[in-house]
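I have placed the structure first, in the form of structure tokens, so that the comments after it can refer back to it.
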Amino acid sequence: LDLSCRVRDGDGYFVVTDRWQKFTSLKVNEETLSELAQYCSEFLIHGVDVEGKKLGIDEDLVSILGKYSPIPATYAGGVCTLKDMELIKGLGQG
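Using the working numbering, the first residue of the sequence shown is number 307, and each one after it goes up by one.
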């Protein structure tokens with residue numbers, strides 16, 4: 307399941323649509339990830355706020371995925387060095 311995620315006004319991460327411009331009411335948290343995991347075998351998560359910028363990963367989002375995703379999750383966004391990949395591995399707990 308492919309989810310594009312963005313921070314909304316300090317209220318956490320939400321799934322966005324329409325070229326990342328429209329926020330949905332779907333908050334990225336333990337409850338949501340557990341519910342969605344019943345319908346897929348893996349998540350592809352885009353860190354929209356850092357995607358394509360090569361300025362580093364969204365550490366908070368990766369931490370949420372590492373802590374709460376009950377299935378494998380692939381993170382995309384902001385990677386520019388191998389150090390970022392190691393950070394993803396550590397924060398993602400895998």
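We put the beta carbon where it would ideally sit given N, CA and C, even for glycine. None of the values given here were measured: they were computed from a predicted structure.
Per DSSP, the unbroken alpha helix (DSSP H) holding I394 starts and ends at 388–397. In terms of Cα proximity to K360, the closest of P378, Y345, S347, L388 is L388. Sequence-distant partners of V356 (beyond 5 residues in either direction) whose C-beta falls short of 6 Å from its own C-beta, in its chain, are D364, G383, G384. Burial of C311 is indicated by the presence of at least 16 other C-beta atoms within 10 angstroms of its C-beta.
By the C-beta density criterion, Y345 is exposed, having fewer than 16 other C-beta atoms within 10 angstroms.
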